[in-house]
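Q: Questions regarding the structure given below will be posed in turn.
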Amino acid sequence: MCHNVNNKDKYSNLKSVLNAVRCLPNSNADVERMFSFLTDIKTNKRNKLSSASINAICVIKSSLKARNKTGTNMTVKEKDLSLMSPDKLYKK
Numbered sequence: 131m132c133h134n135v136n137n138k139d140k141y142s143n144l145k146s147v148l149n150a151v152r153c154l155p156n157s158n159a160d161v162e163r164m165f166s167f168l169t170d171i172k173t174n175k176r177n178k179l180s181s182a183s184i185n186a187i188c189v190i191k192s193s194l195k196a197r198n199k200t201g202t203n204m205t206v207k208e209k210d211l212s213l214m215s216p217d218k219l220y221k222k
């Protein structure tokens, strides 16, 4: 690197800045893909979904996609279905 008269690095922060710049994406395709994914989930009819619900739906959809499954061809265990009873889902 360049040194000044006192033999100290003239641009001591340059390496950090360059490493930060190298981390930036060179396109916004990933961002656009996620935006499209979210707009498919949060429609006008479902605009009051909480952040937790949206996050859960995203996790489920991406997990199914990674396994080449859909909501119509996935298998659900009986144990998981038993957790979906109204008395367990809703507190009185």
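With my numbering, the residue at position 49 of the sequence shown is 179, and numbering never jumps. From the three backbone atoms N, C-alpha and C, an ideal C-beta is built for every residue, glycine too.
Apart from the five residues just before and just after Val151, which ones in its own chain have a Cβ nearer than 8 Å to its Cβ?
A: In the sequence shown, the residue the question calls residue 151 occupies position 21. Excluding residues within five positions, none has a Cβ falling inside 8 Å.
Q: From Ser157 to Arg163, what does the alpha carbon distance come to, in whole angstroms?
A: In the sequence shown, counting from the first residue as 1, residue 157 sits at position 27. In the sequence shown, counting from the first residue as 1, residue 163 sits at position 33. Approximately 11 Å, taken between the alpha carbons.
Q: Write down the C-beta distance between Met204 and Leu213 rounded to the nearest angstrom, noting that I regard them as a contact closer than 8 Å.
A: The residue you call residue 204 lines up with position 74 of the sequence shown. The residue you call residue 213 lines up with position 83 of the sequence shown. Incorrect: roughly 16 Å between the Cβ atoms, too far for contact.
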